[in-house]
DNA sequence: ACGCAATTCGCATCAATTGCTAATTAGCAA
DNA sequence: TTGCTAATTAGCAATTGATGCGAATTGCGT
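Protein chains in written order, with this note's numbering: chain A, 29 to 163; chain B, 29 to 163.
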């Protein structure tokens, strides 16, 4: 995801308006590696801006996802997680605390057993116990 | 997942009863590689047994999952998919028709960038266009 | 500063799944 | 075979994450 300043330009160029609510979400998401859910972002946003609507949080997240500025990922944890890191990477999910960490793999593994499938992308999810929960 | 006959034994040994509804689901699931949702299974079951409850389908699927006879997988398609194949394999999901295919990878790729994470398992989801939809 | 289209926000709605419970039934034992 | 008892069924209510809707508000180009 680009910086709040760059997003402001991008939104206006697309015909979208830049409201205080959106600016706040830009700031909360930029450089955020915690893979927050909409609920968590709503809680964070509410601290800085009491009265902001959960509906607006969803709206802005969807706009950002549509623009390719962040990706919405379903880890099966009940609610979607949002990741402003759209570069090539994978995820490790802790079975204990639910935290999602960014990881990298050398290269995408080849699959076999299916002819003629045109692969667009591959997502890998590692599950286990993170360092914090192991101690 | 084991055969309907073997499951019958396993259920009784666990103190669970083997009802006609469950026997039907055993048959519908055994050897099934279509990764059906609860809804689809309910539709199939309803053909053979009109009046069967969706609640019962969920109940039996949960029982089977608890016993390790099948796995419930969330591909982010809105509803859980059920896979009676519990051997080591991965999945390819068609972005066009939503079909889920079983695939295999030579070995799980090593991840880097996260120290002290104890990996229990890794799931890989390939997304793209299947052979049928490409033509 | 104006005007219009975009946005906000609260509420209703939706879809997938689970909770609850009265009526039924499987399966063991006599 | 019969009876007993705990498990199961089925229908409906409830729950949760997310979206549709619409009136009031507000960005922002002119």
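Think of the CB as a built atom: it goes at the ideal place given N, C-alpha and C, for glycine as much as any other residue. The model shown is predicted, which means the values in this text are computed figures rather than measured ones.
Endpoints, beta strand (DSSP E) assigned at residue i
i, result
"residue 120 of chain B", "118–122"
"residue 130 of chain A", "128–133"
"residue 150 of chain A", "146–157"
"residue 83 of chain B", "From DSSP, residue 83 of chain B is part of no beta strand (DSSP E) but of the alpha helix (DSSP H) over 82–94."
DSSP-derived helix/strand/coil call for residue i
i, result
"residue 67 of chain B", "helix"
"residue 103 of chain A", "coil"
"residue 140 of chain A", "strand"
"residue 109 of chain B", "strand"
"residue 161 of chain B", "helix"
"residue 52 of chain B", "helix"
Cβ of residue i within 9 Å of any chain B Cβ
i, result
"residue 162 of chain A", "yes"
"residue 154 of chain A", "yes"
"residue 77 of chain A", "no"
"residue 63 of chain A", "no"
"residue 103 of chain A", "yes"
"residue 145 of chain A", "yes"
"residue 125 of chain A", "no"
"residue 134 of chain A", "yes"
"residue 92 of chain A", "no"
"residue 120 of chain A", "yes"
"residue 141 of chain A", "yes"
"residue 149 of chain A", "yes"
Assigned exposure category for residue i - 16 Cβ within 10 Å defines buried
i, result
"residue 97 of chain B", "buried"
"residue 50 of chain A", "buried"
"residue 127 of chain B", "exposed"
"residue 41 of chain B", "exposed"
"residue 120 of chain A", "buried"
"residue 118 of chain B", "buried"
"residue 132 of chain A", "exposed"
Unbroken alpha helix (DSSP H) run spanning residue i, endpoints
i, result
"residue 46 of chain A", "Taken as a continuous stretch (DSSP letters only), residue 46 of chain A belongs to no alpha helix (DSSP H), as it is neither H nor E."
"residue 115 of chain B", "Looking at the DSSP string, residue 115 of chain B is not in any alpha helix (DSSP H), and its letter there is neither H nor E."
"residue 36 of chain A", "32–41"
Proximity test, Cβ basis, 9 Å: residue i and chain A
i, result
"residue 138 of chain B", "yes"
"residue 131 of chain B", "yes"
Check: On the three-pair Cβ rule with 8 Å, is the stretch 66–80 of chain B touching the stretch 144–162 of chain B?
Finding: no
Item checked: Three or more C-beta pairs below 8 Å linking the stretch 81–91 of chain A and the stretch 131–138 of chain A -> no
Notebook entry, point to check: Are the stretch 56–68 of chain A and the stretch 110–118 of chain A touching by the rule of at least three beta carbon pairs closer than 8 Å?
Noted result: yes
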